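Chemist:
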Ligand SMILES: [Zn+2]
Ligand SMILES: [Zn+2]
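Numbering (this note's numbering), first residue to last: 101 to 407.
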């Protein structure tokens with residue numbers, strides 16, 4: 101059993117309304133040993149996207165730590181509560197240096213246990229929004245995204261685990277998926293063949309081939325392995341109905357082949373009910389791929405737990 105969920109959001113994140121204590125209570129009821137809140141800190145979040153999202157994906161670290169300290173003390177005999185953060189890495193040249201400095205300072209100023217590094221925005225847009233995909237095939241959009249992650253893994257050295265490596269497959273727009281399909285198969289499928297273009301995430305479910313991105317993902321994996329940075333298994337892909345946790349099994353196999361061992365496991369829950377989502381099947385799945393341990397960071401040091 102995976103006994104710690106180390107990627108969680110609360111109402112300190114723009115896209116969550118969940119009270120921390122509800123998630124802690126849920127974790128106790130599930131019998132978890134511990135949990136780590138990793139609320140969103142996306143410095144310089146693009147303003148247009150912030151307007152549409154209803155917030156800029158930052159929080160007040162003082163208030164965050166006060167609440168976590170309170171809960172840690174209140175629940176000290178029942179569950180271990182860890183202090184984390186999900187930092188949004190930016191590769192745009194005008195933002196990179198500022199982001200590196202400000203994240204470093206913030207991480208130095210507070211006693212974090214765990215820092216996730218995720219790429220949420222590039223080209224001054226959050227590719228969750230359709231505009232990012234205008235005129236592009238899914239593969240073009242994903243290539244640019246993996247390139248940004250690669251640059252970020254080269255330039256940012258302060259994070260402990262690389263968050264949801266291929267999660268963008270969830271947000272490929274319908275038009276980009278259709279362009280990809282036409283390029284690959286020429287004729288669009290009949291409605292009767294089970295394709296529903298109105299359905300979201302068609303690309304992720306039906307068209308995503310990790311082998312199309314092997315070169316760039318291999319480079320990313322080599323960078324994090326060389327640096328001793330972990331790779332995150334993010335079960336939100338299962339929650340979104342993609343049929344796989346991020347990153348895809350083929351990428352995980354590559355990580356193992358390259359000598360990668362450090363894995364962290366998180367649900368990326370934004371609601372208490374999604375805590376430890378589909379964790380039950382993860383140990384068997386990872387053991388089959390040859391992994392023996394998953395890791396939990398405490399005071400920024402990885403501790404191994406048997407799968
Ligand atoms: Zn994220
Ligand atoms: Zn997250």
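All C-beta atoms, glycine included, are put in the ideal place defined by N, C-alpha and C. All figures in this text were calculated on a predicted structure; none of them were measured in a lab.
#1: Is it the case that the CB of residue 263 approaches a heavy atom of ligand 1 more closely than 7 Å?
#2: With DSSP as the reference, label residue 120 as helix, strand or coil.
#3: Check whether the Cβ of residue 348 lies closer than 7 Å to any heavy atom of ligand 1, and answer yes or no.
#4: For residue 308, count neighbouring C-beta atoms within 10 Å of its own C-beta (all shown protein chains included) and say buried if the count is 16 or more, exposed if not.
#5: Locate the alpha helix (DSSP H) running through residue 148, then write down its first and last residues.
#6: Where in the segment 335–402 do unbroken runs of the alpha helix (DSSP H), each at least 4 residues long, occur, reported from the N-terminal end onward?
#7: Let's test the definition: count the other Cβ atoms within 10 Å of the Cβ of residue 234 and tell me whether it reaches 16, buried, or not, exposed.
#8: Could you compute how far the alpha carbon of residue 246 sits from the alpha carbon of residue 177?
#9: Can you give the Cα-Cα distance for residue 267 and residue 338, rounded to whole angstroms?
#10: Would you mind reading off the limits of the alpha helix (DSSP H) that contains residue 317?
#11: Spell out the partners DSSP gives residue 136 in its beta bridges.
#12: When burial is assigned at 16 or more other CB atoms within 10 Å of the CB, is residue 367 buried or exposed?
#13: Taking the beta strand (DSSP E) that residue 217 belongs to, which residues open and close that run?
#14: How long is the line joining the alpha carbons of residue 370 and residue 250, rounded to whole angstroms?
#15: Report buried or exposed for residue 170, applying the criterion of at least 16 other Cβ atoms within 10 angstroms of its Cβ.
#16: Using the three-state DSSP reduction, which class does residue 168 fall into: helix, strand or coil?
#17: Tell me whether residue 186, by its Cβ, gets closer than 7 Å to a heavy atom of ligand 1.
#18: Any heavy atom of ligand 3 closer than 7 Å to the beta-carbon of residue 374?
Modeler: A quick look at the data gives this:
#1: Checking every heavy atom of ligand 1 against the Cβ of residue 263, one is found closer than 7 Å.
#2: Correct three-state label for residue 120: helix.
#3: no
#4: buried
#5: For residue 148, the enclosing alpha helix (DSSP H) begins and ends at 147–153.
#6: Fully enclosed alpha helix (DSSP H) runs of 4 or longer: 336–339, 349–357, 382–388.
#7: With fewer than 16 other CB atoms across the displayed protein chains lying within 10 angstroms of its CB, residue 234 is exposed.
#8: 42 Å
#9: 11 Å
#10: 314–327
#11: 182
#12: buried
#13: 214–218
#14: Going by the C-alpha atoms only, they are around 27 Å apart.
#15: exposed
#16: helix
#17: Here the distance from the Cβ of residue 186 to the nearest heavy atom of ligand 1 is below 7 Å.
#18: Only ligand 1 and ligand 2 can be found as ligands here, which leaves ligand 3 out of the picture.
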